[in-house]
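Trainee: Mind looking over this structure? Questions follow.
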Amino acid sequence: MRIGQYQLENCLIAAPMAGITDRPFRSLCYSMGAGMTVSEMLSSNPQVWKTDKSRLRMVHSDEPGIRSVQIAGNDPDDMAAAARINVESGAQVIDINMGCPAKKVNRKLAGSALLRYPDLVKSILSAVVKAVDVPVTLKIRTGWSPEERNCIEIAKLAEDCGIQALTIHGRTRTCLFNGEAEYDSIRTVKQTVAIPIIANGDITDPLKARAVLDYTGADALMIGRAAQGRPWIFREIQHYLDTGELLPPMPIAEVQRIMLSHVQELHDFYGQGKGARIARKHVSWYLREHAPDDQFRRTFNAIEEASVQLEALEAFFENFCVNKR
Ligand SMILES: Cc1cc2nc3c(=O)[nH]c(=O)nc-3n(C[C@H](O)[C@H](O)[C@H](O)COP(=O)(O)O)c2cc1C
Numbered sequence: 039m040r041i042g043q044y045q046l047e048n049c050l051i052a053a054p055m056a057g058i059t060d061r062p063f064r065s066l067c068y069s070m071g072a073g074m075t076v077s078e079m080l081s082s083n084p085q086v087w088k089t090d091k092s093r094l095r096m097v098h099s100d101e102p103g104i105r106s107v108q109i110a111g112n113d114p115d116d117m118a119a120a121a122r123i124n125v126e127s128g129a130q131v132i133d134i135n136m137g138c139p140a141k142k143v144n145r146k147l148a149g150s151a152l153l154r155y156p157d158l159v160k161s162i163l164s165a166v167v168k169a170v171d172v173p174v175t176l177k178i179r180t181g182w183s184p185e186e187r188n189c190i191e192i193a194k195l196a197e198d199c200g201i202q203a204l205t206i207h208g209r210t211r212t213c214l215f216n217g218e219a220e221y222d223s224i225r226t227v228k229q230t231v232a233i234p235i236i237a238n239g240d241i242t243d244p245l246k247a248r249a250v251l252d253y254t255g256a257d258a259l260m261i262g263r264a265a266q267g268r269p270w271i272f273r274e275i276q277h278y279l280d281t282g283e284l285l286p287p288m289p290i291a292e293v294q295r296i297m298l299s300h301v302q303e304l305h306d307f308y309g310q311g312k313g314a315r316i317a318r319k320h321v322s323w324y325l326r327e328h329a330p331d332d333q334f335r336r337t338f339n340a341i342e343e344a345s346v347q348l349e350a351l352e353a354f355f356e357n358f359c360v361n362k363r
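Everything in the sequence shown is counted per the working numbering, starting at 39 for the first residue and increasing by one.
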C-alpha cells in the first residue's frame, strides 16, 4: 500500500479517534504492527491552533512512522492554511475529515455534513491539495443518509482533485454508529476509481479483516474501536493475513507490560493530573476481558494521582496472578 511517496509497512491503519489516538497511542499502535496511524482531528479554525488541546494534537517530526494529520473544517482557505501549518510542524500526509457525525462539528458544516455539498467538497479538496506538497487523503462515510448515499460521486471528485487515498466508513451520517457497517458501497467505489481505497467500520478481528479485504478489494483496512485496549490487534491481523493462522491470546504478563507502559506514557505526555484522567478510559478497555466486574474500575477511577494509579495496576495484576494459580 502506497500513499504518494510513502510505502506503508503493511495495509493496516489505526483510525483517527478524537480523545484516543494521541501521540502515546499512535506510537503504541506502530509498535504493535500498524502500518500507519492518523492523528486525532484538528480544527482548521486558526483561533484554536494555539490552545493546549490543539498544540498537544499536532504531530512533531520526532514521532515514529508515517505522520498523517487529520484536519476538519469547511472553509477552503482555512483548511489550506491548517494543512500548511501542520506540514511545517512535521505532517507527512494530510487527511481531510468528511466523516465525523458529531453535531458540534456538523453544525459548522464540517465533517460528514459536507458530503451533501459536493461543490464545497471540491473547493476544499482542491485548495488543500494545492497548498501542500505532501499527499492529501480523504476520509468519508458512504453519504449523509441511506437515501443520499453519494460516496461514488465524492470518490470520483476526490480522485479528480488529486486526493491520493480515500478511507470509507461503511455507514452514513444518519446511521451514526448504529447497525452494522456495510461493505457493498466500498466495493463499488473500489471498482470505480483508481486511487487506493481504505475500508473502515466494524473490523474487529483477523477473520473479519480477511473477509472485508476479499469482499471489497480494498487496498488497506482502517481499525478504530477494536484497537481500544487491544492495540496488538494489528499484529494479530497481520499474522493471520500472512499465515492463515491465529496467534494465541496475548499472555496476561504482556498485557500488563503494555498497559503499564502506555499509562506511564500518558502521564509523561499530558502531565500527571490530566494524564491520570485520560488513562482511566484506556485502563477500562484493557481490563474489559480481565476484570469483568466493575469493582476494580470504580476504585481505579477515583484515583487522582499518577503514581497511585501505577501502584494500583501493579497490585491488580499481582492479585490476578495469585487468584489464577
Ligand atoms: C471516540 C471516537 C472518536 C473518533 N474521532 C474521529 C476523528 O477525530 N476523525 C475521524 O475521521 N473519525 C473519527 N472517528 C471515527 C473512526 O475513525 C472510525 O471511522 C469509526 O470508529 C469506524 O471504525 P471502527 O468500527 O473500526 O471503530 C472516531 C470514532 C470514535 C469511536
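All C-beta atoms, glycine included, are put in the ideal place defined by N, C-alpha and C. Just so you know, these numbers come straight off a predicted model, no measurement behind them.
May I ask you to verify whether the stretch 127-138 touches the stretch 44-55, counting CB pairs closer than 8 angstroms and requiring at least 3?
Mentor: As far as the Cβ criterion goes, the stretch 127-138 touches the stretch 44-55, which means the pair count is three or higher.
Trainee: Would the beta-carbon of Asp243 be found less than 8 angstroms away from any heavy atom of ligand 1?
Mentor: Start at 1 with the first residue of the sequence shown, and residue 243 comes out as number 205. For ligand 1, not one heavy atom lies less than 8 angstroms from the Cβ of Asp243.
Trainee: Under a three-way DSSP split, which group does Ala52 fall into?
Mentor: Here residue 52 is taken as the residue at index 14 of the sequence shown, counted from 1. In the structure shown, Ala52 sits in a strand (DSSP, three-state: E or B).
Trainee: Beta-carbon within less than 6 angstroms of Ala219's beta-carbon, same chain only, minus the 5 sequence neighbours each way: which residues are those?
Mentor: Translated into the one-based positions of the sequence shown, residue 219 becomes position 181. Contacts found: Gly208, Arg209, Gly239, Asp240.
Trainee: By Cβ distance below 6 angstroms, which residues in the same chain neighbour Leu66 in space, the five residues on each side in sequence not counted?
Mentor: For the purposes of this step, residue 66 is taken as the residue at position 28 of the sequence shown. For Leu66, where only same-chain residues beyond five positions count, the Cβ hits under 6 angstroms are Pro269, His300.
Trainee: So, helix, strand or coil for Tyr155, using DSSP?
Mentor: Position 117 of the sequence shown, counting from 1, holds the residue named residue 155. In the structure shown, Tyr155 sits in coil (DSSP, three-state: anything other than H, G, I, E or B).
Trainee: How should Leu152 be labelled, buried or exposed, when 16 other C-beta atoms within 10 angstroms of its C-beta is the threshold for buried?
Mentor: Taking the sequence shown and counting its residues from 1, one reaches residue 152 at position 114. Buried, because 16 or more other Cβ atoms sit within 10 Å of the Cβ of Leu152.
Trainee: Specify the secondary structure class of Ile201 as computed by DSSP and reduced to three states.
Mentor: Reading the sequence shown from its first residue, position 163 is the one you call residue 201. Coil.
Trainee: Taking Cβ positions, are Ile51 and Gly73 nearer each other than 9 angstroms?
Mentor: Taking the sequence shown and counting its residues from 1, one reaches residue 51 at position 13. Taking the sequence shown and counting its residues from 1, one reaches residue 73 at position 35. In this structure, Gly73 lies closer than 9 angstroms to Ile51 by Cβ.
Trainee: Taking Gln108 as the reference, which of Met39, Pro173, Asp252 has the closest Cα?
Mentor: On the sequence shown, residue 108 is found 70 positions in, with the first residue counted as 1. Measuring from the Cα of Gln108, the nearest candidate turns out to be Pro173.
Trainee: Three-state secondary structure (DSSP) at Ser150?
Mentor: As a position in the sequence shown, residue 150 is number 112, starting the count at 1. In the structure shown, Ser150 sits in a helix (DSSP, three-state: H, G or I).
Trainee: Taking Lys141 as part of the alpha helix (DSSP H), name the residues at either end of that continuous run.
Mentor: The count along the sequence shown starts at 1 and reaches residue 141 at position 103. Note, Lys141: alpha helix (DSSP H), 141-144.
Trainee: I'd like to confirm the pairing. Which residues does DSSP put opposite Lys177 in its beta bridges?
Mentor: Numbered from its first residue, the sequence shown carries residue 177 at position 139. Answer by DSSP bridge pairing, in chain order: Asn135, Thr205.
Trainee: Does the beta-carbon distance from Ser164 to Gly137 come in below 9 angstroms?
Mentor: Residue numbering aside, residue 164 sits at position 126 when the sequence shown is read from its first letter. Residue numbering aside, residue 137 sits at position 99 when the sequence shown is read from its first letter. Going by C-beta atoms, Ser164 is not nearer than 9 angstroms to Gly137.
Trainee: Could you tell me how far apart the beta carbons of Glu274 and Leu259 are, in whole angstroms, since I believe they sit closer than 8 angstroms?
Mentor: Against the sequence shown, residue 274 aligns to sequence position 236. Against the sequence shown, residue 259 aligns to sequence position 221. Going by Cβ atoms, the distance from Glu274 to Leu259 rounds to 13 angstroms, so no, they are not a contact pair.
Trainee: Between Arg169 and ligand 1, is there a pair consisting of the residue's CB and a ligand heavy atom that are separated by less than 8 angstroms?
Mentor: Along the sequence shown, read from residue 1 onward, the residue named residue 169 stands at position 131. The sequence shown places Ala at residue 169, rather than the Arg named in the question. It does not: the Cβ of Ala169 is nowhere closer than 8 angstroms to a heavy atom of ligand 1.
Trainee: Does Ala256 come out as helix, strand or coil in the three-state DSSP assignment?
Mentor: Position 218 of the sequence shown, counted from the first residue, corresponds to residue 256. Coil at Ala256, not helix or strand.
Trainee: Is the closest heavy atom of ligand 1 to the C-beta of Glu78 under 8 angstroms?
Mentor: Start at 1 with the first residue of the sequence shown, and residue 78 comes out as number 40. Yes.
Trainee: Looking at Thr205 and Ile178, is the spacing between their C-beta atoms short of 9 angstroms?
Mentor: The sequence position of residue 178 within the sequence shown is 140, counting from 1. The sequence position of residue 205 within the sequence shown is 167, counting from 1. Contact flag set, yes.
Trainee: With a threshold of 8 angstroms on Cβ separation, who are the neighbours of Asn124 within its own chain once the five nearest residues in sequence on each side are excluded?
Mentor: Counting from one through the sequence shown, the residue named residue 124 turns up at place 86. So the qualifying residues of the chain are Leu80, Met96, Val97, Val107, Ile109, Ile132.
Trainee: Which of helix, strand or coil does DSSP assign to Asn112?
Mentor: Locating residue 112 in the sequence shown gives position 74, where the first residue counts as 1. Three-state DSSP puts Asn112 in coil, outside helix and strand.
Trainee: Only counting the same chain, and skipping five residues up and downstream in sequence, which positions put a Cβ closer than 7 angstroms to that of Ala203?
Mentor: Working through the sequence shown from its first residue, we reach residue 203 at position 165. Contacts found: Ile41, Thr175, Ile233, Pro234, Ile236.
Trainee: Based on Cα-Cα distance, which residue from Ser161, Leu214, Ser322 lies nearest to Arg198?
Mentor: Within the sequence shown, numbered from 1, the residue matching residue 198 stands at position 160. What sits at residue 198 in the sequence shown is Asp, not Arg. Checked all of Ser161, Leu214, Ser322; the closest Cα to Asp198 is Ser161.
Trainee: Please determine whether the Cβ atom of Phe215 lies at a distance below 8 angstroms from any heavy atom of ligand 1.
Mentor: The count along the sequence shown starts at 1 and reaches residue 215 at position 177. Yes, ligand 1 has a heavy atom inside 8 angstroms of this Cβ.
Trainee: If you draw a straight line from the alpha carbon of Arg361 to that of Glu191, how long is it in whole angstroms?
Mentor: Along the sequence shown, read from residue 1 onward, the residue named residue 361 stands at position 323. Along the sequence shown, read from residue 1 onward, the residue named residue 191 stands at position 153. The sequence given here has Asn at residue 361, not Arg. So the alpha carbons of these two residues sit roughly 57 angstroms apart.
Trainee: Using the Cα positions of Ser150 and Gly282, report the straight-line distance between them to the nearest angstrom.
Mentor: Here residue 150 is taken as the residue at index 112 of the sequence shown, counted from 1. Here residue 282 is taken as the residue at index 244 of the sequence shown, counted from 1. Near 36 angstroms, if we compare the C-alpha coordinates of Gly282 and Ser150.
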